[in-house]
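Here is the structure we will look at.
Protein chains in written order, with the numbering used here: chain C, 1 to 253; chain Y, 1001 to 1253.
Printed below as a string of structure tokens:
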């Protein structure tokens, strides 16, 4: 990487999210930056792609080594547009976030933040998704700077194993310094849904998706355990859904 | 399972898709059936959930051991609604499809069909996603009946390992009988995007996502290889994104 590395940055909370602004501010001087983010919140959009409608793109800002595009696409669309249209070449690194809300454990499967990063992996581009365990728009990101910068610098320098990206989560800022970084497993947790049933002014029923998070994973070294102990969690993640341990056990012939 | 098993059926092509109707017709007598499907195509919606807007639900049909609900949700929403609201209890099995289009290899990550099935796994409900390698609305499903029925019957009888669902894909009907069923790995393939740039009547640019599929996986026993040889492919799949082989190799402390 003789020239400045090309870093594609996106998120799933929309182009104006404080978490995205924070991420840009931390890494802006580390490479040539192309930001491609959505015009609205894409939270919960997972790996969705836009195939029923076309996608709009607008160049919002252009400075030395910095471009910012607004799109109507999902986080995965944004990475696809970046890889194949807006960046001019394959990026050297994809960063996503910093998400307002946890993407640890099963949350990765619903996450637009991580959808973007996993999309990079498919074309061999290393990526890192950053998330904070605080859903609020005015979440406090003041404790993440050093860790984000160190992780990005290390990945730019060392790369990542082929087919692997990083799912990085931060505990909320509780005033106590972070204990460090732990590389760990995705916890086997889930959301217990509690749909809220309401009636509109015309008497017709509608539902709001709600729920509470439940971590029933007793194993050591999970991301949820690390976060509970005030560590930054990093789960090396990939796009292979195969349950390899069952390949030889299932028989349908 | 003393009583009839409770089978939740959904898809991502919408409630009127011929593939869904085909699936219902094949398994209708095997249990108490609850169909929950979307009012429009949710193709490419992956594991997306609806959190920005409420979800509408309408009971469309009710017969002995058969109910059919129309919703405005995604395939994953539909499974969540089924599990926690419409089915009365956790289903014994979730079936999704038959999808118009392949969900083999990397397609699983974009797939609403498989999103629905993976959502079941999170709550321990076994599930099977069925897909046909033909995107057209009038796809020929006439060669799939026996295999679908046999796989569903076997899973109802034997269950599936905890945390595992099945991603089942069918070759197109080329007039030659299917060779059988192969349990295999998710091929390491990808889409090479070719965004089509167009201008609207006002001169503003928009993009259509397009692309061609590229299987560069040289390994034996992948789903793509099985399908190319006219086998039905089954990939046992799970929701753990952890790249376990790299847990001990990465160090960020």
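Even glycine gets a Cβ: it sits at the ideal position worked out from N, Cα and C.
Beta carbon of residue i nearer than 8 Å to that of residue j
i              : j              : result
residue 1207/Y : residue 54/C   : yes
residue 1168/Y : residue 1125/Y : no
residue 1213/Y : residue 1243/Y : no
residue 1102/Y : residue 1131/Y : yes
residue 100/C  : residue 19/C   : yes
residue 1118/Y : residue 1239/Y : yes
residue 1011/Y : residue 1037/Y : yes
residue 40/C   : residue 82/C   : no
residue 127/C  : residue 113/C  : no
residue 255/C  : residue 1181/Y : There is simply no residue 255/C to check, as chain C begins at 1 and stops at 253 in what is shown.
residue 49/C   : residue 1044/Y : yes
residue 172/C  : residue 134/C  : yes
residue 1166/Y : residue 1147/Y : no
Exposure of residue i, with buried meaning 16 or more beta-carbon neighbours within 10 Å
i              : result
residue 241/C  : buried
residue 1199/Y : exposed
residue 170/C  : buried
residue 34/C   : buried
residue 1071/Y : buried
residue 1077/Y : buried
residue 1001/Y : Note that residue 1001/Y scores a pLDDT of 49, beneath 50, so its modelled location is shaky and nothing firm can be said.
residue 1116/Y : buried
residue 225/C  : buried
residue 210/C  : exposed
residue 1092/Y : buried
residue 145/C  : exposed
residue 1152/Y : buried
residue 1205/Y : exposed
residue 1157/Y : exposed
residue 1129/Y : buried
residue 1162/Y : exposed
Distance between residue j and residue i (C-alpha atoms, nearest Å)
i              : j              : result
residue 1065/Y : residue 1237/Y : 29 Å
residue 1193/Y : residue 42/C   : 21 Å
residue 1235/Y : residue 229/C  : 37 Å
residue 1195/Y : residue 74/C   : 15 Å
residue 1185/Y : residue 1154/Y : 20 Å
residue 203/C  : residue 1009/Y : 28 Å
residue 1031/Y : residue 1005/Y : 5 Å
residue 164/C  : residue 149/C  : 19 Å
residue 1023/Y : residue 1068/Y : 14 Å
residue 79/C   : residue 28/C   : 18 Å
residue 1090/Y : residue 3/C    : 56 Å
residue 60/C   : residue 143/C  : 29 Å
residue 1223/Y : residue 1247/Y : 27 Å
residue 251/C  : residue 57/C   : 48 Å
residue 1088/Y : residue 1007/Y : 12 Å
residue 245/C  : residue 1221/Y : 14 Å
residue 94/C   : residue 140/C  : 23 Å
residue 249/C  : residue 1159/Y : 13 Å
residue 1052/Y : residue 1217/Y : 39 Å
residue 138/C  : residue 191/C  : 24 Å
residue 1219/Y : residue 1197/Y : 36 Å
residue 17/C   : residue 215/C  : 28 Å
residue 1062/Y : residue 1187/Y : 41 Å
residue 1123/Y : residue 136/C  : 27 Å
residue 183/C  : residue 227/C  : 11 Å
residue 84/C   : residue 201/C  : 47 Å
Unbroken beta strand (DSSP E) run spanning residue i, endpoints
i              : result
residue 947/Y  : Not covered by the structure: residue 947/Y. The range shown for chain Y is 1001 to 1253.
residue 236/C  : 232-237
residue 7/C    : 6-10
residue 1181/Y : 1181-1183
beta-carbon residue i near the ligand ATP non-hydrogen atom, thresh 7 Å
i              : result
residue 1089/Y : In terms of ligand content, the structure shown is empty, and the ligand ATP therefore cannot be addressed.
- Task: Ignoring anything shorter than 3 residues or poking outside the segment 190-218 of chain C, list the beta strand (DSSP E) runs there in chain order.
- Result: For the segment 190-218 of chain C, whole beta strand (DSSP E) runs of length 3 or above, ordered along the chain, are 196-199, 205-208 and 211-215.
- What are the start and end residues of each continuous alpha helix (DSSP H) run of 4 or more residues lying completely inside the segment 105-164 of chain C, in chain order? Within the segment 105-164 of chain C, the complete alpha helix (DSSP H) segments at least 4 residues long are 112-122 and 145-158, listed from N- to C-terminus.
- Item | Those runs of the beta strand (DSSP E) which lie wholly inside the segment 27-100 of chain C and span at least 3 residues | Correct list: 32-38, 55-63, 66-71 and 93-100.
- Query: Taking Cβ-Cβ distances below 7 Å as the criterion, which residues of the segment 26-46 of chain C are in contact with chain B?
  - Reply: No chain B appears in this structure, whose protein chains are C and Y.
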